[in-house]
Amino acid sequence: MKFKQQLMLLGIVLSANAMGGSIDYLSQQDAEYLAHPAMVGKIGVSGAYYNPAGTVWLEDGTYIQVNNQTHLKEYSMEHGDYKFKSDKPSPVVPSLQIVKKKGDTAFFFHAGAIAGGGSVAYSGGIATFPQIITSNPMFEVIGAKYVGGSTIHGKSYYVAFQGGIARKFSETWSGAVGIRLIDAERKFKGEGNFEYNNLGGKLGSGKAKFDIDSERTAFGVAGIFGLNYHPNDRFNLGMRYETETVLDFDNKEHNLKKGFVNSTGSNLIGNAFYNTIIKDPSIKQWMSEGSGKRNLPAMAAIGASYRATDKLTLLASGNYYFIKEASDDLGNFDHYDNGYEVAVGLDYQLNEKWTLMTGYQYTDTGANEKTYTDTDYVLDANMYSAGVKYKYSSQLELMATYSYVDYINDKNIKNIRYSKHVDAFGLGLIYKF
Numbered sequence: 001m002k003f004k005q006q007l008m009l010l011g012i013v014l015s016a017n018a019m020g021g022s023i024d025y026l027s028q029q030d031a032e033y034l035a036h037p038a039m040v041g042k043i044g045v046s047g048a049y050y051n052p053a054g055t056v057w058l059e060d061g062t063y064i065q066v067n068n069q070t071h072l073k074e075y076s077m078e079h080g081d082y083k084f085k086s087d088k089p090s091p092v093v094p095s096l097q098i099v100k101k102k103g104d105t106a107f108f109f110h111a112g113a114i115a116g117g118g119s120v121a122y123s124g125g126i127a128t129f130p131q132i133i134t135s136n137p138m139f140e141v142i143g144a145k146y147v148g149g150s151t152i153h154g155k156s157y158y159v160a161f162q163g164g165i166a167r168k169f170s171e172t173w174s175g176a177v178g179i180r181l182i183d184a185e186r187k188f189k190g191e192g193n194f195e196y197n198n199l200g201g202k203l204g205s206g207k208a209k210f211d212i213d214s215e216r217t218a219f220g221v222a223g224i225f226g227l228n229y230h231p232n233d234r235f236n237l238g239m240r241y242e243t244e245t246v247l248d249f250d251n252k253e254h255n256l257k258k259g260f261v262n263s264t265g266s267n268l269i270g271n272a273f274y275n276t277i278i279k280d281p282s283i284k285q286w287m288s289e290g291s292g293k294r295n296l297p298a299m300a301a302i303g304a305s306y307r308a309t310d311k312l313t314l315l316a317s318g319n320y321y322f323i324k325e326a327s328d329d330l331g332n333f334d335h336y337d338n339g340y341e342v343a344v345g346l347d348y349q350l351n352e353k354w355t356l357m358t359g360y361q362y363t364d365t366g367a368n369e370k371t372y373t374d375t376d377y378v379l380d381a382n383m384y385s386a387g388v389k390y391k392y393s394s395q396l397e398l399m400a401t402y403s404y405v406d407y408i409n410d411k412n413i414k415n416i417r418y419s420k421h422v423d424a425f426g427l428g429l430i431y432k433f
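All residue numbers for the sequence shown refer to the UniProt record's numbering, where the first residue is 1 and numbers rise by one.
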């Protein structure tokens, strides 16, 4: 339990799905991904996540890969004259891969933050606060306005442990089967302050306070299946399929209605604020009534690597997310299309010690103006990556990597504009016993 809690603490990554992936998924599961996201067709220790069936083509031995990523990011949302910004970094984002290969069999293990996001802090509130004033005619009558608030804190991280077995079943083909356990937690906490004026002496002027402290938790299990085709030392084709993960979230929220009624001193006005704001999708999912399924969709991945020369290896891969088929009790996925990613990359071996890496990825999350909310906006993105790997000895390899994620800014149907960008740095160590 102590190890799990420590990993959850370290596993706080980005909010609202950062880096690669779709919906809640995070594709960046190790440092090498930040050098070239086209990982599915590679044979290596990273295959414990990206290409499990390919792990059986490693040399015999036990491999451990330890990774850390550091994310410097800036998220913002704008509505009219209001702009809300979060620039909270994620300095420690760890992951671990282990592969034990002997003969025609390999065992693989991976631990990391598989989905969700992590920690953000929007100073002054979120764009939903000023926007809701226009959504209830009563607020115009009483002259209600948003006057600021404390920092809104959000966390969303899904810690995963997965493992399985890979085995050759011919001279060119191998397969893998595995299981993944996911412990998911999402949190939303903060305040927002409103003011309203006197109404003909019948209602006193006063203040209304948005005060929320919500936690959503779930546990899920998924199956992992892989195939790998390895006809020769130059070409490799990897495939992976992950089943839909049932995540039935239990919500705990106590403060919101009481906070509005107590701050206004009026059931009429307090309930008007409460009943209006809980209809907004940004808030609705965080209420106690928002308990229910928000499953991780099934996904399929395919990738290839080709050693064009003794020094140059070309990479390509793609991921596809079956969002429209995923179960979601609150309708969060109703307007989504299925998402996908396409990536290319290359490795260039300068000499026996040094290898240069670079790559590019385009992500179409399946989201659109009907799906974006202040607490759940996943933007399409272009990702540019580079890195270097150093072979210290026959047993030890080190790598340093970097990615710039250029998100495509967009706005929702309420005219709230969302934008973000991320600089991600990775460090990795691979040791063979």
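C-beta: ideal position from N, C-alpha, C; glycine also.
Only a predicted model underlies this, so the values are computations on that prediction, with no experimental measurement involved.
Alpha carbon to alpha carbon, how far is residue 138 from residue 121? Taking the sequence shown and counting its residues from 1, the one referred to as residue 138 is at position 138. Taking the sequence shown and counting its residues from 1, the one referred to as residue 121 is at position 121. Cα-Cα distance, rounded: 31 Å.
Distance, residue 310 Cα to residue 164 Cα: For the purposes of this step, residue 164 is taken as residue 164 along the sequence shown, with counting starting at 1. For the purposes of this step, residue 310 is taken as residue 310 along the sequence shown, with counting starting at 1. Going from the Cα of residue 164 to the Cα of residue 310 covers about 32 Å.
Classify residue 186: buried if its beta carbon has 16 or more other beta carbons within 10 angstroms, exposed otherwise. As a working note, residue 186 is residue 186 in the sequence shown. With 16 or more Cβ atoms within 10 Å of its Cβ, residue 186 is classed as buried.
From the DSSP output, read off the bridge partner residues of residue 376. To locate residue 376, count along the sequence shown from 1; it is residue 376. Looking at the DSSP assignment, residue 376 forms a beta bridge with 373.
So the candidates are 362, 373, 374, 430; which of them puts its Cα closest to the Cα of residue 394? Taking the first residue of the sequence shown as position 1, residue 394 is located at position 394. Of the candidates 362, 373, 374, 430, the one whose C-alpha sits nearest the C-alpha of residue 394 is 430.
As assigned by DSSP and simplified to three states, the class of residue 259: As a position in the sequence shown, residue 259 is number 259, starting the count at 1. The answer is helix: DSSP assigns residue 259 an H, G or I state.
For residue 446, list the residues DSSP reports as bridge partners. Because the chain spans 1 through 433 in this model, residue 446 falls outside it and cannot be assessed.
Tell me which residue opens and which closes the alpha helix (DSSP H) that residue 267 is part of. Numbered from its first residue, the sequence shown carries residue 267 at position 267. It spans 267-277 - the alpha helix (DSSP H) in which residue 267 sits, taken as one unbroken run.
Tell me whether residue 115 sits in a helix, a strand or coil according to DSSP, three-state version. Position 115 of the sequence shown holds residue 115. Correct three-state label for residue 115: strand.
Helix, strand or coil for residue 126 per DSSP? For the purposes of this step, residue 126 is taken as residue 126 along the sequence shown, with counting starting at 1. In the structure shown, residue 126 sits in coil (DSSP, three-state: anything other than H, G, I, E or B).
Extent of the continuous alpha helix (DSSP H) run through residue 322: The count along the sequence shown starts at 1 and reaches residue 322 at position 322. Going by DSSP, residue 322 is part of no alpha helix (DSSP H) at all; its letter is neither H nor E.
Which residues DSSP lists as bridging residue 224, in chain order: Counting from 1 along the sequence shown, the entry for residue 224 is found at position 224. DSSP, once it has assigned bridges, lists 178, 242 as partnering residue 224.
Name the two residues that bound the continuous alpha helix (DSSP H) containing residue 140. In the sequence shown, residue 140 corresponds to position 140, counting from 1. Unbroken alpha helix (DSSP H) run through residue 140: 137-141.
Tell me whether residue 34 sits in a helix, a strand or coil according to DSSP, three-state version. In the sequence shown, counting from the first residue as 1, residue 34 sits at position 34. Note: residue 34 maps to helix in three-state DSSP.
Are there three or more Cβ pairs, one per stretch, closer than 8 Å when the segment 301-308 is compared with the segment 26-46? The segment 301-308 makes contact with the segment 26-46, as at least three CB pairs between them are under 8 Å.
Mind checking residue 233: buried by the 16 CB within 10 Å criterion, or exposed? Walking along the sequence shown from the start, residue 233 turns up at place 233. Per the 10 Å Cβ criterion, exposed.
When the distance is taken between beta carbons, is residue 323 closer than 8 Å to residue 281? Within the sequence shown, numbered from 1, the residue matching residue 281 stands at position 281. Within the sequence shown, numbered from 1, the residue matching residue 323 stands at position 323. It is not a contact, given that the beta carbons lie outside the stated cut-off.
Top-ranked residue by Cα proximity to residue 60, from 70, 68, 105: If you number the sequence shown from 1, residue 60 lands on position 60. When each option's Cα is compared against that of residue 60, the closest is 105.
Taking Cβ to Cβ, would you say residue 31 is nearer than 8 Å to residue 359? Translated into positions along the sequence shown, residue 31 becomes position 31. Translated into positions along the sequence shown, residue 359 becomes position 359. Contact flag unset, no.
Candidates 33, 410, 57: closest to residue 175 by CA position: On the sequence shown, position 175 is the one that residue 175 refers to. Per the Cα distances, 57.
Starting from residue 252, follow the beta strand (DSSP E) in both directions and report where the run begins and ends. In the sequence shown, counting from the first residue as 1, residue 252 sits at position 252. For residue 252, the enclosing beta strand (DSSP E) stretches over residues 248-253.
Use the C-beta contact count for residue 420: other C-beta atoms within 10 angstroms, 16 or more gives buried, fewer gives exposed. Sequence index remark: in the sequence shown, residue 420 carries index 420 (1-based). The residue in question, residue 420, is buried, as its Cβ has 16 or more Cβ neighbours within 10 Å.
Whole-angstrom Cβ separation of residue 318 and residue 337, contact assumed at under 8 Å? Along the sequence shown, read from residue 1 onward, the residue named residue 318 stands at position 318. Along the sequence shown, read from residue 1 onward, the residue named residue 337 stands at position 337. Not quite, the Cβ-Cβ distance comes to about 16 Å (not below 8 Å), so this is no contact.
How big is the Cα-Cα spacing for residue 135 and residue 269? Along the sequence shown, read from residue 1 onward, the residue named residue 135 stands at position 135. Along the sequence shown, read from residue 1 onward, the residue named residue 269 stands at position 269. Near 15 Å, if we compare the C-alpha coordinates of residue 269 and residue 135.
Flag this pair as yes or no: are the beta carbons of residue 151 and residue 374 separated by less than 8 Å? In the sequence shown, counting from the first residue as 1, residue 151 sits at position 151. In the sequence shown, counting from the first residue as 1, residue 374 sits at position 374. The answer is no: Cβ separation not under 8 Å.
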